[in-house]
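Enquirer: The opening residue of the sequence shown carries number 1 in the UniProt record's numbering; numbering runs sequentially from there.
Every residue gets a Cβ at the ideal spot worked out from N, C-alpha and C, and that includes glycine.
Below is the structure I would like to discuss, written out as structure tokens.
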Amino acid sequence: MLQSKTFNKKTRGGKVQKLVREVYLRDDIYCGASFCKVCDTAASRLTASTSPILILDTNVVLNQIDLLENPAIDEVVVLSIVLQEVKNKNTSVHNRIRALCSNPARKFFVFSNEFHRDTYVQSMTGESPNDRNDRAIRVAAKWYQTHLGDAARILLITNDRENMRKASEEGVSAETIESYVKSLGQPALLDLLVQPTSDVVMKDVEDLRPSKRKVVYQEHKPMSEITSGLTRGIYHQGKLRVNRYNPLEAYVGSESIGDEIVIYGRGNMNRSFDGDIVAVELLPRDQWHGDRSLSLADEEDEEEDVHLVPTSADDAPRTTYTLSSSETETNPVSGRPSGRIVGIIKRNWHSYCGSLEPKPLPSGSGGLVHALFVSKDRRIPKIRIQTRQLENLLDKRIIVTVDSWDCQSRYPSGHYVRSIGEIGDRDTETEVVLIENHIDARPFSTQVLACLPPLPWSVSAEDLANPIRTDLRHLRVFSVDPPGCKDIDDALHCTLLPNGNFDVGVHIADVTHFVHPGTPLDDEATQRATSVYLVERRIDMLPKPLTEDICSLRADVERLAFSVIWEMSSEAEIISTKFTKSIIKSCAALSYVEAQARMDDSRLVDPLTKDLRNMNALAKIMRQRRIERGALTLASAEVKFQIDTETHDPLDIGMYQIREANQMVEEFMLAANVSVAEQILKHFPGCSLLRRHPTPTKDMLEPLQRTAVAVGLSLDVSSSKALADSLDRAVGDDPYFNKLIRIMATRCMTQAVYFCSGDLSPPEFHHYGLAAPLYTHFTSPIRRYADVVVHRLLAASLGMYKLPPIFSDRPRLTSIADNLNDRHRNAQMASRGSVELHTLIFFRKRPTDTEARIVKIRSNGFIVFVPKYGIEGSVYLTTRSEKGSGEWYVDEQQQKIKKMDGTVSYGVLQKVNVHLEVVEPQPNRPKLQLTLL
1 MLQSKTFNKK
11 TRGGKVQKLV
21 REVYLRDDIY
31 CGASFCKVCD
41 TAASRLTAST
51 SPILILDTNV
61 VLNQIDLLEN
71 PAIDEVVVLS
81 IVLQEVKNKN
91 TSVHNRIRAL
101 CSNPARKFFV
111 FSNEFHRDTY
121 VQSMTGESPN
131 DRNDRAIRVA
141 AKWYQTHLGD
151 AARILLITND
161 RENMRKASEE
171 GVSAETIESY
181 VKSLGQPALL
191 DLLVQPTSDV
201 VMKDVEDLRP
211 SKRKVVYQEH
221 KPMSEITSGL
231 TRGIYHQGKL
241 RVNRYNPLEA
251 YVGSESIGDE
261 IVIYGRGNMN
271 RSFDGDIVAV
281 ELLPRDQWHG
291 DRSLSLADEE
301 DEEEDVHLVP
311 TSADDAPRTT
321 YTLSSSETET
331 NPVSGRPSGR
341 IVGIIKRNWH
351 SYCGSLEPKP
361 LPSGSGGLVH
371 ALFVSKDRRI
381 PKIRIQTRQL
391 ENLLDKRIIV
401 TVDSWDCQSR
411 YPSGHYVRSI
421 GEIGDRDTET
431 EVVLIENHID
441 ARPFSTQVLA
451 CLPPLPWSVS
461 AEDLANPIRT
471 DLRHLRVFSV
481 DPPGCKDIDD
491 ALHCTLLPNG
501 NFDVGVHIAD
511 VTHFVHPGTP
521 LDDEATQRAT
531 SVYLVERRID
541 MLPKPLTEDI
551 CSLRADVERL
561 AFSVIWEMSS
571 EAEIISTKFT
581 KSIIKSCAAL
591 SYVEAQARMD
601 DSRLVDPLTK
611 DLRNMNALAK
621 IMRQRRIERG
631 ALTLASAEVK
641 FQIDTETHDP
651 LDIGMYQIRE
661 ANQMVEEFML
671 AANVSVAEQI
681 LKHFPGCSLL
691 RRHPTPTKDM
701 LEPLQRTAVA
711 VGLSLDVSSS
721 KALADSLDRA
731 VGDDPYFNKL
741 IRIMATRCMT
751 QAVYFCSGDL
761 SPPEFHHYGL
771 AAPLYTHFTS
781 PIRRYADVVV
791 HRLLAASLGM
801 YKLPPIFSDR
811 PRLTSIADNL
821 NDRHRNAQMA
831 SRGSVELHTL
841 IFFRKRPTDT
851 EARIVKIRSN
861 GFIVFVPKYG
871 IEGSVYLTTR
881 SEKGSGEWYV
891 DEQQQKIKKM
901 DGTVSYGVLQ
911 KVNVHLEVVE
921 PQPNRPKLQL
931 TLL
């Protein structure tokens, strides 16, 4: 049966188009109940006999997804009209409800009410789309009631009073979500409920702080006013980034003014969260902040009352606001643009990990109490929740979600989601790191594992006979990796040719031979995007049978590879390049230390050691040539732990040591990536996945230049070549001096990112750090999905396979590139979080005195880098009670903080001695405290 469906659509130009679509209505769509006597029950999901079958309205799904994910909620019908509405309003919630519906362990059934003859509803004259959807939900509930009769009780779940009233008039049973949850007799489930905003906003008399002062934030501007203000240049849009050392200090990168806007104080942040897209209004110039007016914040500072306070009671359109006293450190200087947030364009709220602030237990247990949640992340404000299980949660790490933040509330309001584990337990704290950084650490599903070939796997006769694959088992191939590496995805060879040239090869695990487009395995890898390396374990992008066995280029076993082979002169000039799928048999899997020891031991003259030395000689020439082109040799504070194999506790900690062997491997991986980038772009100029590193702006490099001037250096930042030469000349008596300058230079750079070649013009493809016009990632497909994509492009460019259909879908490719960038950033942050966790564990019983170097000056202290351990932290020169006393002042020109009487001063890059000790200034929030000796 055909039915016309009419709806209005607004065009980009603002006009309204009337669209008419034909809908094919059917009467053979099943209800999903296993006990139904009419429908085919082969694909049934609903088995209820005594409990009701729930039909949810859209707002219940949007607002109560945390509750719906709890196993106590089951026997649920999700209507197709609800799914569509949710998809239009919140992609994240849509993905979560779809996951519930596809989970065979859960009883969630999708009913296509929009295509069923008895449940489809036509829009009525004057009826809004929202009212039409509500009516469609009631019609579907009524149909289920009639269809199943006495076999089941149907219950519509809605918090909409009007919808509930109409349901009652139409003979449909309906309840609020809270009423239904109470009927389950599980009080703990009530903690998962998202309360309507009006129910959770409490006045000052109910505030959990002893202060009785009126604390009011400025109202956010409506979107219409924000849009107009952005157009007229009154407001500026950007993403808010909160300083990890000072939660009262944040920055908004604004393209409209070409600079970062400083946002200082919770009042000026105006209920925004780290990661929100915000609208900012610039403050008058006399209120702009310079670096010397920005400070380090301790936990006591965060408790200060720093909200916006009206200077008068007048309710004028442009009320004047002042910072409360605790927000001002010194008189602001006319330096960096400073502003206040006037509206939130896009929220970045998600789930947060932490614990409840300790408080006395109320008399009697099980009652509803208010509690403050303290996130592990200092950048997140405290969140007020209601709970009935306070006693059980006080010693737990828990997850909380934010629901709202009213302008009359000191804290945002949220709800409890679930417990993670005991506070201080290493596994619990590691899971916190993963959750905070959105890392998917779940075991691979049976559908994903079903895509793997059976074990034991070996190269087959069919593989050997495949004409696209070259047999390279006769070559002396070897790998060089970190010690204990099991997921070996690259190997090398270097053979001296009779003409004096070298046959040099980079052999990469042929992951795409096993990971095919469109399979559950490929879909999972697309989402995970990268493997995540924690201190004590690895979270794989692909299942371990692939990463550690089938694809890993281990010694003495035949493996499939994708090879880049060059003929190189003795001066490392590339004479020819060949790409081929191959079969190799590695003769040795060396660690960096083993490879370095072989090259350094003059007594060793075996063929493998000669190959290593020849390859290293070529790599040195290639590296020098790159540097002469302008490639930067930067540095980062990489930390290496020695872990106890039984307890998994850290036994030692120190800076990661880079050897010539590391640099040798890196040089040939870079060369392979460049060669592959040139090949795929030549054949697929519109859909190649490449990697770019944007050139830093002068403003981004300004802090580095200011530091250099303060220590007597002159850095030329006019080009990457000029900067590289300047960094080479930046030497001093301190052995760590040059490394510190390079670390500081690294922090001035933007992140390198993946992109689709069709989205940008060729000049934008440039990789600043490598001084390369083209670059991609090809050499690590076991642990990076970007490399999997590039392998498919390379194979298609060689005529081995057809390019998968996805490469003709530009928006999809752009989406994949965006996900790769997000996941890569998350993986980096998770690795950093794991290092911080194990640093706390290591120093908890080892208070230590050591040397440090000052890297950043603030008005009440400085930030130091500890070279021996590769860690960074804040050192305070003034206590909270001394702030504003004028004892210290900052000389921005010389990058020094000095005592007013001139007796003591500390400057950037100066060596100082510090005491390291783990303290807990706030309950359940341990930190490594650095104290000046």
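Between 439, 517, 742 and 455, which has its C-alpha nearest residue 827's C-alpha?
Expert: Out of 439, 517, 742 and 455, 439 has the C-alpha closest to the C-alpha of residue 827.
Enquirer: I need the boundaries of the alpha helix (DSSP H) containing residue 463, first residue and last residue.
Expert: Segment 461–465, the alpha helix (DSSP H) holding residue 463.
Enquirer: Between residue 67 and the ligand SAH, is there a pair consisting of the residue's CB and a ligand heavy atom that are separated by less than 7 Å?
Expert: The ligand SAH is absent from the structure shown, which contains no ligands of any kind.
Enquirer: Is it right to say residue 626 is buried, meaning 16 or more other beta carbons lie within 10 angstroms of its own, or is it exposed?
Expert: Residue 626 is buried by the Cβ-count criterion.
Enquirer: Between the C-alpha atoms of residue 207 and residue 385, what's the straight-line distance to the nearest angstrom?
Expert: Here the model assigns residue 207 a pLDDT of 45, short of 50, so the residue's position is not dependable and the matter cannot be decided.
Enquirer: How is residue 785 classed by DSSP in three states: helix, strand or coil?
Expert: Three-state DSSP puts residue 785 in a helix.
Enquirer: How is the alpha helix (DSSP H) around residue 349 delimited, first residue to last?
Expert: Neither: residue 349 is in no alpha helix (DSSP H) and is coded neither H nor E.
Enquirer: Helix, strand or coil: how does DSSP classify residue 493 here?
Expert: DSSP places residue 493 in strand when its eight states are reduced to three.
Enquirer: Below 8 Å on the Cβ atoms is my guess for residue 77 versus residue 61; work out the distance and round it to an integer in Å.
Expert: Not a contact, Cβ separation roughly 12 Å.
Enquirer: Would you call the CB atoms of residue 277 and residue 237 closer than 8 Å?
Expert: A contact, by the Cβ cut-off of 8 Å.
Enquirer: Give the DSSP-derived three-state secondary structure of residue 97 in the structure shown.
Expert: Helix at residue 97.
Enquirer: Can you grab the Cα-Cα spacing for the pair residue 936 / residue 393, in whole Å?
Expert: Given that the chain is displayed from residue 1 to residue 933, the structure contains no residue 936 and the question cannot be resolved.
Enquirer: Residue 792: which of 512, 140, 572 and 371 sits nearest, CA to CA?
Expert: Nearest C-alpha to residue 792: 512.
Enquirer: Mind pulling the beta strand (DSSP E) runs of 3 or more residues that sit fully within the region 768–845?
Expert: Counting only runs of 3 or more, we get nothing.
Enquirer: Compare the Cα-Cα distances from residue 568 to each of 504, 560, 73 and 471 and report the closest residue.
Expert: Of the candidates 504, 560, 73 and 471, the one whose C-alpha sits nearest the C-alpha of residue 568 is 504.
Enquirer: Buried or exposed for residue 722, going by 16 or more other Cβ atoms inside 10 Å?
Expert: Its Cβ having fewer than 16 others within 10 Å, residue 722 is exposed.
Enquirer: Identify whether residue 82 lies in helix, strand or coil by the three-state DSSP scheme.
Expert: The answer is helix: DSSP assigns residue 82 an H, G or I state.
Enquirer: Specify, as a first and last residue, the run of the beta strand (DSSP E) that residue 153 falls within.
Expert: Looking at the DSSP string, residue 153 is not in any beta strand (DSSP E), and its letter there is neither H nor E.
Enquirer: Tell me which residue opens and which closes the beta strand (DSSP E) that residue 139 is part of.
Expert: Here residue 139 belongs to no beta strand (DSSP E); instead the alpha helix (DSSP H) covers 129–148.
Enquirer: Tell me, please, whether the region 658–677 touches the region 543–560 by the rule of three or more beta-carbon pairs shorter than 8 Å.
Expert: Result no; under three Cβ-Cβ pairs closer than 8 Å.
Enquirer: Rounded to the nearest angstrom, what separates residue 924 and residue 832 at their Cα positions?
Expert: Their backbone Cα atoms lie some 20 Å apart in a straight line.
Enquirer: Where does residue 510 fall in DSSP's three states?
Expert: Coil.
Enquirer: Mapping DSSP to helix, strand and coil, what is residue 568?
Expert: If DSSP states are grouped into helix, strand and coil, residue 568 belongs with the strands.
Enquirer: Name the two residues that bound the continuous beta strand (DSSP E) containing residue 550.
Expert: Unbroken run through residue 550: none, as it is neither H nor E.
Enquirer: Any idea if residue 137 is buried or exposed, counting beta-carbon neighbours within 10 angstroms, 16 or more meaning buried?
Expert: The residue in question, residue 137, is buried, as its Cβ has 16 or more Cβ neighbours within 10 Å.
Enquirer: Are the CB atoms of residue 80 and residue 111 within a distance shorter than 8 Å?
Expert: Their beta carbons are under 8 Å apart, which means residue 111 touches residue 80 by this criterion.
Enquirer: Taking residue 288 and residue 338 to be in contact with their CB atoms under 8 Å, please state how far apart those CB atoms are, rounded to whole angstroms.
Expert: Confirmed, about 4 Å.
Enquirer: I'd like the list of long-range same chain contacts for residue 803, defined as Cβ closer than 6 Å, with 5 residues on each side in sequence excluded.
Expert: So the qualifying residues of the chain are 796.
Enquirer: So the beta strand (DSSP E) residue 393 belongs to, where does it begin and stop?
Expert: Looking at the DSSP string, residue 393 is not in any beta strand (DSSP E); the run it does join, the alpha helix (DSSP H), is 390–393.
Enquirer: Can you check which of these residues, 443, 242 and 258, is closest to residue 378 by C-alpha distance?
Expert: If we check each option's Cα against that of residue 378, 242 comes out closest.
Enquirer: Where do the N-terminal and C-terminal ends of the beta strand (DSSP E) with residue 920 fall, by residue?
Expert: Start and end: 911–922.
Enquirer: What three-state label does DSSP hand residue 650 in the structure shown?
Expert: Three-state result, residue 650: strand.
Enquirer: Between residue 115 and the rest of its own chain, which residues show a CB-CB distance below 8 Å, the 5 nearest in sequence each way excluded?
Expert: If we look at residue 115 and ignore the five residues flanking it on each side, its Cβ neighbours are 23, 24, 25, 26, 29 and 80.
Enquirer: Tell me which residues share the same chain as residue 630 and place their Cβ nearer than 7 Å to its Cβ, disregarding the 5 neighbours each side in the sequence.
Expert: Within the same chain, residue 630 has close Cβ partners 719, 720, 721, 724 and 771.
Enquirer: Quick check on this structure: which residue in 606, 69, 354 and 279 has the alpha carbon closest to the alpha carbon of residue 345?
Expert: Comparing Cα positions, the closest option is 279.
Enquirer: Are the region 469–483 and the region 574–584 touching, with three or more C-beta to C-beta distances below 8 Å?
Expert: As far as the Cβ criterion goes, the region 469–483 touches the region 574–584, which means the pair count is three or higher.
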